[in-house]
Amino acid sequence: MTIAVDFDGTIVEHAYPAIGKELPFATATLRQLIKDGHQLILWSVREGKLLEEAVKWCEERGVHFYAVNQDLGEDDLNMQDKRFYSRKLKVQMFIDDRNLGGLPDWGVIYQVIARKITFEQYYAEQFSEEKPRKKSRWSLFG
Ligand SMILES: [Mg+2]
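Counting in my numbering, the final residue of the sequence shown is number 324, and the numbers go up one at a time with none missing.
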């Protein structure tokens, strides 16, 4: 799956133009999603030096994006056919703190993506009286 991921307020706390503190389990989740075979696109309002700083911050934590603020990886750019160019990202999912309903915990995000379930299914499991929670919502990859 191709997933667009926002930076400020999503991977790190809002401190723009500075880089805020990492939100719990954000980079661990992103590393695992890459390991699981997903293509991640950094989708940020940042440009120029501020964007470079965010990319570097992520790379230092082992999060290497397939593309940054565009659909295509650097290797694919020459193949881009301008006639069919649309500015809308061709992704299956956006992870953004501006989502309707806000940003779930990264542990929840991982469970929903990895298990291909809806938030409704996830929360039904968590709060079902017949099936008590076995794992903490913070246990990301188990
Ligand atoms: Mg944001």
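All C-beta atoms, glycine included, are put in the ideal place defined by N, C-alpha and C. Every value quoted in this text rests on a predicted model; they were computed, and no experiment measured them.
Query: Minimum C-alpha distance to residue 246 - residue among 231, 187 and 309; Result: 187
Query: Reference residue 239, options 304, 194 and 287, closest by Cα; Result: 194
Query: Buried versus exposed call for residue 236 [16 or more other C-beta atoms within 10 Å across all chains shown]; Result: buried
Query: Cut-off 6 Å between Cβ atoms - residues of its own chain near residue 203, not counting five sequence neighbours on either side; Result: 195
Query: Selection from 184, 208 and 189 that minimises the alpha carbon distance to residue 229; Result: 189
Query: Coarse secondary structure for residue 301, derived from DSSP in three states; Result: helix
Query: Any non-hydrogen atom of ligand 1 closer than 7 Å to residue 278 Cβ; Result: yes
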